[in-house]
Each structure stands twice: as C-alpha cells, then as structure tokens.
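Q: Protein chains in written order, with the working numbering: chain A, -8 to 311; chain B, -8 to 311. For each residue, glycine too, the CB sits at the ideal point set by N, CA and C. These numbers come from a predicted model, not from an experiment. Here it is, the structure, as structure tokens.
Protein chains: 2
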Amino acid sequence: MEKKYVVGVDVGGQTSKIGVVDARGCVLAQTVIRSDVYGTDADAFLEALAVAIKGVIKESGKEGDVRGIGVGAPNGNYYTGEVSFAPNLAWAANRAVKFAETLQEKMDGIPVSLTNDANAAAVGEMTYGAARGMKNFIMITLGTGVGSGIVIDGKVVYGHDGFAGELGHTSAVRSNGRLCGCGKQGCLEAYCSAIGLARTAREWLEMSSEPSVLRDVEKITSKDVYDAAKEGDALALRVFDYTATILGRSCADFIAFSAPEAIVLFGGLARAKEFLYEPMLKAMNENCLKMWKDKVKIVFSQLKESDAAILGASALAWEL
Amino acid sequence: MEKKYVVGVDVGGQTSKIGVVDARGCVLAQTVIRSDVYGTDADAFLEALAVAIKGVIKESGKEGDVRGIGVGAPNGNYYTGEVSFAPNLAWAANRAVKFAETLQEKMDGIPVSLTNDANAAAVGEMTYGAARGMKNFIMITLGTGVGSGIVIDGKVVYGHDGFAGELGHTSAVRSNGRLCGCGKQGCLEAYCSAIGLARTAREWLEMSSEPSVLRDVEKITSKDVYDAAKEGDALALRVFDYTATILGRSCADFIAFSAPEAIVLFGGLARAKEFLYEPMLKAMNENCLKMWKDKVKIVFSQLKESDAAILGASALAWEL
Chain A
-8 MEKKYVVGVD VGGQTSKIGV VDARGCVLAQ TVIRSDVYGT DADAFLEALA VAIKGVIKES
52 GKEGDVRGIG VGAPNGNYYT GEVSFAPNLA WAANRAVKFA ETLQEKMDGI PVSLTNDANA
112 AAVGEMTYGA ARGMKNFIMI TLGTGVGSGI VIDGKVVYGH DGFAGELGHT SAVRSNGRLC
172 GCGKQGCLEA YCSAIGLART AREWLEMSSE PSVLRDVEKI TSKDVYDAAK EGDALALRVF
232 DYTATILGRS CADFIAFSAP EAIVLFGGLA RAKEFLYEPM LKAMNENCLK MWKDKVKIVF
292 SQLKESDAAI LGASALAWEL
Chain B
-8 MEKKYVVGVD VGGQTSKIGV VDARGCVLAQ TVIRSDVYGT DADAFLEALA VAIKGVIKES
52 GKEGDVRGIG VGAPNGNYYT GEVSFAPNLA WAANRAVKFA ETLQEKMDGI PVSLTNDANA
112 AAVGEMTYGA ARGMKNFIMI TLGTGVGSGI VIDGKVVYGH DGFAGELGHT SAVRSNGRLC
172 GCGKQGCLEA YCSAIGLART AREWLEMSSE PSVLRDVEKI TSKDVYDAAK EGDALALRVF
232 DYTATILGRS CADFIAFSAP EAIVLFGGLA RAKEFLYEPM LKAMNENCLK MWKDKVKIVF
292 SQLKESDAAI LGASALAWEL
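Here's what the structure looks like:
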C-alpha cells in the first residue's frame, strides 16, 4: 500500500522547522529545533534533526506511513544532496555536507530529497498555493535576500549543476550599482530584499531633509518602512515605489527568458502587497516585449505563513 | 517500418531553404524558393513551398520514407503552429498564419513541426553540432538581430505561450540605452547584433577623430568592421571588445537563470570568434556568481554554414 504522508523540513540559519504533512497540505504535527548550536559539527546537527523528525512522526501517529522527507536548505543541491558553502550555517559554511545521504541513513532508509529554500517554496506554491495548476511560473522570494525558483513545464529548473535560479544575483543596475553580499555590484538582491529596501530608505533620508516618520527610528528595518508607508509617509511610499519598479523591470527580463504564466512573490517583504503590486506591474509591462504586455500575472503567495516553509519542503517528497 | 528521413525548412525573409536529411545530418537533396514574391497571400507561399518540398523529396529518392517536416520561421510558435506578426514576411506581417496545419494538409498528412529560427538552431546544435550530448545550454544567434534558444534538461524551453527565449530583448544597458527595433531601450540586440556592432563603429567614428580604415567606408557593415579588425585596425578591435563585453555581461545573468553547461554562439557574427571569445569570456566570468566562474563554456557553432539552417529545422522533425 502506498504510504500517505511526507515530512517537510525547512533548514534556516537559526532554527529548523519540521512537520508531517498529508496530501492536501495539512500539517498534522510539527516541531522546531535550533540549527545554530552545533558549531561546525554537521553530524551533530543531523543527529538532532533525525531524532526530532522521528519524534514528530511518532506524535502524528503515522509511523510506517511516511513516504519521504523533503528538505529545503540554503545552498541545498538537488543533484548532489549536499548543503555546501552556506554562509549562515556554521556547520556547512566552509565545506560541502552530504546532507540527504546522511539524513536518510539516520532515518533508517526513508528517502530524502533536498533542494534550496527558494526551489522548495516554488514546489510548495505549485502543489498547495497560488501556482496550483500552473506549469510555467517564476517564484521570487523577497526575504533577507532575494531568491528564486523557476518552474518550466511543471518542473523546477536545476540546470547543469543543480544551482539554477539565482535571479537575486542578476544585474538590476548596470553602472555604479550597490555592492551586493555576493561581491558583485548592482544585483537585484541589493535593492529588492528586505535589507535593500531598508538601505534605500536610509540613503534617501541622508540625502535630503524631507520630513518623514522614519527620521525618529534608530536602525531602520523593512518593517519600519512598511509601518511608515501604512501611515501614509511620503518618503516610505516612494521607497516602495522605487523597489517595486526595479523588481518589475528585472521581471520583464525574466519573462523574455521563460515566458511564464505568472511571477509569484513569496517571503516577508511580499506581505507589502498593497505597496508593491501596482508599481511593479507597471514597470514590468513597460519593459517587456509587446506580446507579453498585460499578459503575465503577478500573484502573491497564498500559503499560510507559519506553514509555508514546511509545506514547500514537504512537497518535494511527493516526487520521490 | 520506421521512416528514416526528415525534411528541414528554413523560412527567411527573402528565401526559404528546403532539404531532405538523414539521421546523421547529411543533406541528401536541397533546394531554395523565394519567400518574398507572394505579397500578403500566405496560401500561395505555402502552396509553392509544398510543391518544392515534394520536388526535393522526389529528387532524393526517399518518397514514402519521410517521417516529418521541421520548419524554423521568424515568430514561429511551437504550440499553435502559427507564424504570426513576423515583420519580415509580408504574408504574415499583420496576422497569424496557420502554417503547420496548412502545410501538413498540402503535404498529404506528413506531420509538420514549427518553431522559431533560433529554437530550430538550438535543436540543430544539440542534434548535430557543438552542443551534442549537452542537456543544458543557451544558444545565442548573432545575426541581423539577436535571437536565442534555451535548452533545459534536453528540451527547448517554449514557456507558457510558446514564445520563450527572447534574450535579444533583455536589458543590456539600463539607462539611456539605444533604441531597439522592438521599441524598448537598451536591448542586447541593439548592441550585439551585426547591425548593433556596425552602429557602434559609426558612433565611435563620429565621436572622435581617431584614424581608422573604416573612415574610408561609406555605409559601414559588420563585415567591414570584421575586415578592419583583421587588418589590426585599433578602433575596429575595440568595437569587437565592447560588443563582446556587453554580450558576456548579459550571459552572466542568463547563467544565473538556468545554470547551463555552455553558451553556444551561432550566426554570421559568431564567425568573428577570434575577436569575440576572449573579451566575452572575461566579462562573463567577472559578472557571474563565484560558483560559476570558469565553469561555463563558450562554444561556437560547428554546423556547416550552408546546411545549418536546414539541419536545425530538420532536427525538430525527429521529435515528431
């Protein structure tokens, strides 16, 4: 008899979330463990993870009925099953960790599938969320960084080496662009991540003396800019306009690549839909070829925020 | 018994080339007809094309042994089988022509597969050329315009609407870019096509009084710039450097999308390999993420120029 449940694991820099999920995307049981207390000892983390997974399976009452485990992790490689050179994970910061293989052994052979967090989110969105029924879409994750998961003909694009879909590091600004964390200049991530948005606000406040409620905030975050925009702060509203315009312009180029049905936005910053949607759509339509004008949708993730990461990762396991 | 031959048709603005091809890519017989003498009468062109195809099949001695007909045409759509709004084809300039369906009827039911010329070239390169054995690559065609065919997991990317792969119309220059034929500014095509290259030479000659053999040429074409570069003309060499740098920089972004094994260059301008390769590779490696530096190859088409267009289109028919 076919096993009816999967486990989703979302590995983050500070915590890792684990859940047992059914075919309709209901999370039956879940738990969280720390990711950041194992120093450089990858095996210790994987051991703790396996123990936690076994615990939550037991709690769900579905022992023996778990088909596979899907894992989304920064720099997770679908082909090799490795997590490699992930700056935010001390145990994988300077080397490649055989993640999928080791976890599968510790889980007594339950199959493990690994990919990066943005690809996991794309699979989740296609299986349970805003992209249900779509075969061609581009998911952009707007968080601390800008990630992406590209789906063509119903399949995530992994490319020759398993690392495809790094749209956060395409050029949004070609000359004198901001320095990005990756070492390049002008990357989309340097402008359209939560950090990039806050940086725009800080730069603009320094450059002018325009009044803004943000002048009273000490270390401005994207949340502060969002709150200010909600209060109608003119500068904060323009920061969102600018950010959305850069994003829309870049998306026009992405459309020329894979002609998607929709761009799907996901992640913390995507909650600012009311400030992003209009200027982004305008910039996208102004910068794409005529045949795509007013044809490509922009949709915002419909996954319940608290479950999204687990669902995304778990969706991978259905393909095992 | 399985039929062992295919027909390739390359529809161009002035002429259309037709050939009967075997599984190893040998052209057994070929012919050429005019594409530009039928005015807006698409059916008259299709009728002439069918007559010519029948003639060349007869000449090859393979009647009854033709498996399918592959057609590459400007704005050819793989999904709909239509050639639509192709500015260089009077009979399809202002409307959508049911090309594949009509030709198949006229050919007594031999299956017809249609795509655009750049996608046909990509399939040709994968089946017979420089991309043999590759499952992930991006073909860039450097001709009058800049086209592209993207292959992921061994399949051409058509996208949601069949028009994917318009990389010539992604932004190479973001501010004050050149006006492109498509109406947008700063497109890759405006810089890296044969026309774009000649334009760079003309602009630079106007802007300076630097000596150059190109000053004696009345209407500078890309061929003139190539000849001047071969003579060691400093300005012409810098024009190639500049063109190749813009192309390499854009390719760095394309790599972030689909993580290809190689960028394959095809078309008239790609013959200037000696002037394009080094600066393009340098710009590509300087602008891509570290994990792709020195990993992605640039290869030049290996298809025999005279057969290339027919082979590319014919390769499509093997998938029928």
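1) What is the DSSP secondary structure of residue 41 of chain A, reduced to helix, strand or coil?
2) Please check if any C-beta of chain A sits within less than 7 Å of the C-beta of residue 319 of chain B.
3) Looking at the C-beta of residue 242 of chain B, does it have a partner C-beta in chain A at a distance below 7 Å?
4) Strictly below 7 Å CB to CB, what residues from chain B border residue 157 of chain A?
5) Helix or strand or just coil, what does DSSP make of residue 214 of chain B?
6) Quick check on the burial criterion: 16 or more other C-beta atoms within 10 angstroms. Buried or exposed for residue 31 of chain B?
7) What is the rounded straight-line gap between the Cα of residue 41 of chain A and the Cα of residue 179 of chain A?
8) What residue ranges within the region -5 to 24 of chain B form continuous beta strand (DSSP E) runs of no fewer than 3 residues, ordered along the chain?
9) I'd like to know if residue 165 of chain B contacts chain A, where contact means its C-beta is closer than 7 Å to some C-beta of that chain.
10) Residue ranges of each beta strand (DSSP E) run of no fewer than 3 residues wholly in the region 240 to 288 of chain B, ordered along the chain?
11) Please identify, using Cβ separations under 8 Å, the residues of the region 168 to 187 of chain B that lie next to chain D, in order along the chain.
12) Can residue 119 of chain B and residue 258 of chain B be called in contact, C-beta distance under 7 Å?
13) On the DSSP letters alone, give me the boundaries of the beta strand (DSSP E) that residue 87 of chain A sits inside.
14) Hey, is residue 252 of chain B's beta-carbon within less than 7 Å of any beta-carbon in chain A?
15) Tell me where the alpha helix (DSSP H) around residue 170 of chain B begins and ends.
16) So, is residue 85 of chain B buried or exposed, given that buried needs 16 or more other C-beta atoms within 10 angstroms?
17) Three or more C-beta pairs under 8 Å: does that hold for the region 239 to 247 of chain A against the region 203 to 213 of chain A?
18) Could you check how far apart the C-beta atoms of residue 311 of chain A and residue 102 of chain A are, in whole angstroms? I think they sit under 8 Å.
19) Short of 9 Å Cβ to Cβ, which residues in the region 18 to 43 of chain A face chain B?
20) Does the beta carbon of residue 154 of chain A come closer than 7 Å to any beta carbon on chain B?
21) State yes or no: is the beta carbon of residue 161 of chain B nearer than 7 Å to at least one beta carbon in chain A?
22) Could you tell me which chain A residues have their CB closer than 7 Å to the CB of residue 148 of chain B, listed as they occur along the chain?
23) Helix, strand or coil, according to DSSP, for residue 143 of chain A in the structure here?
24) Tell me the DSSP bridge mates of residue 57 of chain B?
25) Give me whichever residues DSSP pairs with residue 290 of chain A in a beta bridge.
26) Between the region 111 to 140 of chain A and chain B, which residues of the former have CB atoms less than 7 Å from a CB of the latter, in chain order?
27) Tell me, to the nearest whole angstrom, how far the beta carbon of residue 130 of chain A is from that of residue 109 of chain A; I am working on the premise that it is less than 8 Å.
28) Could you check the C-alpha separation between residue 273 of chain B and residue 187 of chain A for me, to the nearest Å?
29) Measuring CA to CA, which of B:176, B:159, B:160 is closest to residue 167 of chain B?
30) Leaving aside the five residues before and after residue 73 of chain B along the sequence, list all residues of the same chain whose C-beta is less than 7 Å from its C-beta, in chain order.
31) Counting only runs of 3+ residues fully inside the region 105 to 165 of chain A, write out the beta strand (DSSP E) ranges in chain order.
32) If contacts are defined as beta-carbon pairs under 8 Å, then residue 0 of chain B and residue 9 of chain B qualify, I think. What distance do you get, rounded to the angstrom?
A: According to the structure shown:
1) helix
2) The requested residue 319 of chain B is not part of the displayed model; chain B covers only -8 to 311.
3) no
4) 247, 280
5) helix
6) exposed
7) 36 Å
8) -4 to 2, 6 to 12
9) yes
10) 253 to 257
11) Looking at the structure shown, chain D is missing, and the protein chains on hand are A and B.
12) no
13) 87 to 89
14) yes
15) Here residue 170 of chain B belongs to no alpha helix (DSSP H), and DSSP marks it neither H nor E.
16) exposed
17) no
18) 5 Å
19) none
20) yes
21) yes
22) 143, 249
23) strand
24) B:-4
25) A:255
26) 127
27) 7 Å
28) 28 Å
29) B:176
30) 87, 88, 89, 90
31) 128 to 133, 137 to 143
32) 5 Å
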